[in-house]
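Numbered per the numbering used here, the sequence shown spans residues 5 to 82. For each residue, glycine too, the CB sits at the ideal point set by N, CA and C.
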Amino acid sequence: MEKITADFAYKELKKMISENCDNQMISKSATSFFNLWSDSESINSRNIIYDLALLDEPGMELSRNEVIELIEKLRNVK
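Okay, structure coming up:
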């Protein structure tokens, strides 16, 4: 199976935001991305995907703007 990169995840999650997907759908996609995450990607980008994967967990809810901020961090993380 092909590994997921931060760039791929960023583009897919941005598309989901533009299509007004809810946090549950974003969380499910992020969980899939996390499970296929490339070892060559930075630990910081992996942590962002992990945080997005937890959106569906009690106590981990984020506002729409906070979700967008996390997604934007994927674009700039090294």
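Rounded to whole angstroms, what's the CA-CA distance from residue i to residue j? Just pull it up for me.
| i | j | result |
| --- | --- | --- |
| F37 | S31 | 10 Å |
| E6 | K77 | 23 Å |
| L40 | R50 | 11 Å |
| N24 | A13 | 16 Å |
| I48 | A57 | According to the sequence shown, residue 48 is Asn rather than Ile. Rounded to the nearest angstrom, the two C-alpha atoms are 14 Å apart. |
Can you pull the DSSP bridge partners for residue i?
| i | result |
| --- | --- |
| I8 | W41 |
Starting from residue i, follow the alpha helix (DSSP H) in both directions and report where the run begins and ends.
| i | result |
| --- | --- |
| E65 | Here E65 belongs to no alpha helix (DSSP H), and DSSP marks it neither H nor E. |
| S49 | I47 to A57 |
Would you please state the rounded distance, in angstroms, between the beta carbons of residue i and residue j? I believe it to be under 8 Å.
| i | j | result |
| --- | --- | --- |
| T9 | S33 | About 14 Å separates the two Cβ atoms, so there is no contact after all. |
| V81 | I52 | 7 Å |
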